[in-house]
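Take a look at the structure set out below.
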Amino acid sequence: MGDLTRLPRAMSMLRDMISCNDYPDVAAQFGVLPASADVEAAEHRDSHVRCEALLPCVEPLLEAATEAGMIIHALADADPDDLPQHVDVAQRTVVGVVARLIDAGYLEVVR
Numbered sequence: 006m007g008d009l010t011r012l013p014r015a016m017s018m019l020r021d022m023i024s025c026n027d028y029p030d031v032a033a034q035f036g037v038l039p040a041s042a043d044v045e046a047a048e049h050r051d052s053h054v055r056c057e058a059l060l061p062c063v064e065p066l067l068e069a070a071t072e073a074g075m076i077i078h079a080l081a082d083a084d085p086d087d088l089p090q091h092v093d094v095a096q097r098t099v100v101g102v103v104a105r106l107i108d109a110g111y112l113e114v115v116r
């Protein structure tokens, strides 16, 4: 596994990409554990705020991410059994990136 500790926003982006239940185990695997329980609670809350900003556009966002995963799968000329994994990775990546861009003020969700 790669060293995510060198990436300044790895913990918060990883949190946006991984379910709340799976996050502690995944974070431990990558060594991106929070400094304290208070930091953990604040980061968890902040992740929910970022991800909730996606709610107005989550359906078309996940549809586009699914298509991106299918394109990645085709470009990789991968085993057909790997398609669900490519789609999952694309969806998690798009959610993490778009949530971060909205939070930073680069994107605004307008409906």
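Under my numbering, think of the first position of the sequence shown as 6, with each following residue one higher.
Cβ atoms here follow ideal geometry from the backbone N, Cα and C, with glycine treated the same way.
Of the candidates C62, D86, L88, A109, the residue whose Cα lies closest to the Cα of R116 is C62. Cβ neighbours of T98 within its own chain (closer than 8 Å, five residues either side excluded): M22, A70. DSSP, reduced to helix, strand and coil, places E72 within a helical segment of the structure shown.
A direct Cα-to-Cα measurement between Q96 and L66 gives close to 8 Å. Residue environment: Y28 is assigned as buried (16 or more neighbouring CB atoms within 10 Å of its CB, all protein chains considered).
Under the three-state reduction of DSSP output, A104 falls in the helix class.
Counted as a single uninterrupted DSSP element, the alpha helix (DSSP H) harbouring P29 occupies residues 28-35. E57 carries a helical assignment under DSSP once its states are collapsed to helix, strand and coil. Selection V94, M16, D8, V102 evaluated against E45 yields M16 as nearest (Cα-Cα). DSSP places R11 in no alpha helix (DSSP H); its state is neither H nor E. With 16 or more other Cβ atoms inside 10 Å of its own Cβ, V92 counts as buried.
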